[in-house]
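Data block below; observations after.
Numbering (the working numbering), first residue to last: 2 to 81.
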């Protein structure tokens, strides 16, 4: 399990994840929201980084998790 996976689970308490990378991608693509209400990936990225920043994670955990979000967001943008 990647270092950021444990931090991701701590932020999203109560959720179960089979594939952490896919879960992060689905979050940024807002796939759990009705299509007419979905937000753009840029907005979801900003909201996710804010959530990480406001969490009780250590600074090192925050940096790792934000790096994972950046990597995921960049991959999504390359697919467009």
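Idealized CB from N, CA, C, for every residue including glycine.
Return the Cβ separation of residue 40 and residue 54 in integer angstroms, given the expectation that the two are a contact with Cβ distance under 8 Å. Not confirmed; about 18 Å, so no contact.
For the alpha helix (DSSP H) containing residue 11, name the first residue and the last one. 4-12
Beta-carbon proximity of residue 5 to residue 66, cut-off 8 Å: yes
Do residue 28 and residue 49 count as a contact pair if the criterion is CB distance below 8 Å? yes
What did DSSP end up calling residue 49 once you bin it into helix, strand or coil? helix
Quick check: residue 18 and residue 42, are their CB atoms within less than 8 Å of each other? no
Euclidean distance between Cα positions of residue 46 and residue 70: 7 Å
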